[in-house]
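So in full-length UniProt numbering, spot 170 of the sequence shown is number 170, and the numbers just go up one at a time.
In what follows, a single structure is set out as structure tokens and then discussed.
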Amino acid sequence: MSIEFDNDHGSNTKDIRDKMLVFVDAPELFVPNREAKGVLYYGPGVHNLNGQKLLDSSVIEVYIAPGAFIKGGFRTTSNHAVKIHGRGVLSTEGYPWHDSRFKWATINMDSGSGYVIEGITISDPTNFYIRALGSHNTVRNVKTVAAWTFNSDGVATGSNGLVENSFFMANDDAIKLYADNIVVRNCVVWQCQNGAVFQTGWWSSRKMHHVRVSDVDVIHTDWCTFKGNHCQISARLLATSYPTQAASNSYAFYAYMSNDMPAPSPHHTFIYDHVVTNEGGHYNHHSGIFTVPQSGVYVFSATTISDVNAVILYEIVKNSSQFSIGLTNSASIRNFHTGTLIGVIYAEKDDIIYVRSQAPGGAGQSHGSARSQDWARTSFCGWRLS
1 MSIEFDNDHG SNTKDIRDKM LVFVDAPELF VPNREAKGVL YYGPGVHNLN GQKLLDSSVI
61 EVYIAPGAFI KGGFRTTSNH AVKIHGRGVL STEGYPWHDS RFKWATINMD SGSGYVIEGI
121 TISDPTNFYI RALGSHNTVR NVKTVAAWTF NSDGVATGSN GLVENSFFMA NDDAIKLYAD
181 NIVVRNCVVW QCQNGAVFQT GWWSSRKMHH VRVSDVDVIH TDWCTFKGNH CQISARLLAT
241 SYPTQAASNS YAFYAYMSND MPAPSPHHTF IYDHVVTNEG GHYNHHSGIF TVPQSGVYVF
301 SATTISDVNA VILYEIVKNS SQFSIGLTNS ASIRNFHTGT LIGVIYAEKD DIIYVRSQAP
361 GGAGQSHGSA RSQDWARTSF CGWRLS
């Protein structure tokens with residue numbers, strides 16, 4: 001929510017000086033154990049990192065709790081996946097512009113893939129807020145505020161990246177579309193004095209393919225009279241012809257878990273990380289999500305193998321509503337057991353389909369692990385029927 005006051009403007013009537021924003025977050029479902037291996041846990045209070053903390057291969061998760069205020073940033077140094085999440089604040093308040101201790105951004109994840117940044121607020125950047133040019137990265141429910149200086153770009157993600165449900169106040173290009181198969185959806189942008197809402201690159205020969213942007217609201221543009229940079233979409237070459245390609249109607253995927261899955265907590269998304277088939281490239285093996293590329297009727301199926309004495313209650317979900325539900329129960333037979341769900345459903349373009357554990361209910365709650373080995377696989381597949 002943006003709270004604004006009458007006659008509160010700078011060099012022109014579009015430039016609001018006193019920006020007041022109110023954000024409301026859903027409760028967190030997954031808070032890590034502060035003592036768990038590979039977790040950096042920042043509790044309530046002020047934490048000064050004295051620059052940009054390097055995340056080596058020993059760190060797989062950074063949690064910024066509600067009430068935590070971190071002065072500094074993070075940068076990955078290896079190719080392993082890292083998740084940075086929580087409801088706290090990451091700020092470079094007090095650091096000089098273009099501080100040499102920060103490489104390009106408050107959060108830099110240029111190498112590797114499968115990074116997730118979720119839930120946090122980032123403020124007062126020395127340059128970019130987020131730069132994650134590796135592949136298959138996700139930025140979700142992130143709020144960027146207090147962009148006082150130029151070169152405060154919002155987010156740059158690499159190929160097969162997902163940016164959703166986020167707010168960007170940027171004083172340079174807010175959302176950078178530098179690579180193929182990027183999805184940006186359900187975001188809000190407040191564009192400050194400098195830059196464009198969307199930037200496709202400063203080089204002369206790059207052509208992006210299969211970039212999808214939907215439901216992005218630009219609530220303000222603060223372009224002031226002395227800049228004259230009034231653009232929504234920016235590229236180095238403005239008069240470039242991009243050939244169009246007919247969309248294929250062939251969309252299908254099949255993936256399975258490469259290892260066993262520990263007992264899932266309620267509404268835990270199942271991640272099928274080993275992809276066998278991904279026709280069209282719309283299944284993300286890092287998030288476990290299939291993004292519908294074209295409206296139509298689809299078939300989805302999920303097979304789960306429960307461990308001895310385990311019960312796995314699971315469901316196939318479109319957006320946030322289940323459309324196929326069931327369980328696999330090994331408790332009564334004291335052996336492995338296999339359950340398969342199948343659903344045929346009409347889905348709109350950009351709907352998301354995934355498998356998750358059920359919330360506790362009449363059948364109880366999941367317990368025990370799901371098996372997935374070379375002798376039997378827990379798997380997920382889907383294809384477009386018509």
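By construction, the Cβ of each residue, glycine as well, lies at the ideal position given by its N, Cα and C atoms.
Just so it is clear, the structure is predicted and the values come from calculations on it, not from any experiment.
Where residue i falls, given that 16 or more other Cβ within 10 Å makes a residue buried
i, result
"N160", "buried"
"N181", "buried"
"T240", "Unreliable placement is indicated for T240, whose pLDDT of 40 sits below 50; the coordinate value is still reported in the next sentence. Counting Cβ neighbours within 10 Å, T240 comes out exposed, since fewer than 16 surround it."
"T378", "buried"
"G158", "buried"
"H209", "exposed"
"Q373", "exposed"
"D25", "exposed"
"M1", "exposed"
"L385", "exposed"
Limits of the unbroken beta strand (DSSP E) element including residue i
i, result
"L162", "L162 to E164"
"M261", "Premise fails: M261 is in no beta strand (DSSP E) and is neither H nor E."
"T352", "Reading off the sequence, residue 352 comes out as Ile, not Thr. Run containing I352: I352 to S357, per the beta strand (DSSP E) assignment."
"F69", "A68 to T76"
"T340", "H337 to A347"
"F380", "S379 to R384"
"D110", "No beta strand (DSSP E) holds D110; DSSP gives it neither H nor E."
"K103", "K103 -> no beta strand (DSSP E), and no H or E assigned at all."
"Y254", "A252 to Y256"
Proximity winner among the options, relative to residue i (alpha-carbon distances)
i, options, result
"K53", "I70, P66 and V216", "I70"
"H98", "S78, G51 and S113", "G51"
"F380", "G43, F168 and E315", "E315"
"D124", "L177, M20 and G94", "G94"
"H337", "N7, I312, L162 and I107", "I312"
"A132", "G119, L162 and F150", "L162"
"Y41", "I342, V218, S306 and K83", "K83"
"T79", "L90, V46, Y115 and G67", "The residue asked about is misnamed: residue 79 is Asn in this sequence, not Thr. Looking at the Cα atoms, Y115 is the closest of the given residues."
"M20", "A146, P262, T277 and S258", "A146"
"N127", "N186, Q365, N108 and V39", "N108"
Straight-line gap, residue i to residue j (C-alpha atoms, nearest Å)
i, j, result
"T269", "G72", "31 Å"
"S265", "G361", "13 Å"
"A179", "D173", "15 Å"
"D222", "I64", "31 Å"
"F5", "D110", "40 Å"
"I16", "A302", "51 Å"
"S357", "P293", "25 Å"
"V216", "N329", "44 Å"
"F198", "F168", "11 Å"
"N151", "N141", "22 Å"
"N171", "A156", "14 Å"
"S135", "S113", "5 Å"
"S214", "E118", "19 Å"
"Y242", "K176", "Note that Y242 scores 39 on pLDDT, short of 50, meaning its location in the model is unreliable; the coordinates nonetheless yield the value given after this. If I take the Cα positions, the gap works out to 18 Å."
"E164", "S258", "27 Å"
In DSSP terms, what residue i is bridged to
i, result
"G195", "Answer by DSSP bridge pairing: none, since G195 is not bridged."
"H367", "V311"
"N156", "Looking at the sequence provided, one finds Ala at residue 156 rather than Asn. DSSP lists R131 and K176 as partners of A156."
Residue i: CB within 7 Å of a non-hydrogen atom of the ligand FAD
i, result
"V355", "No copy of the ligand FAD occurs in the structure displayed, which carries no ligand at all."
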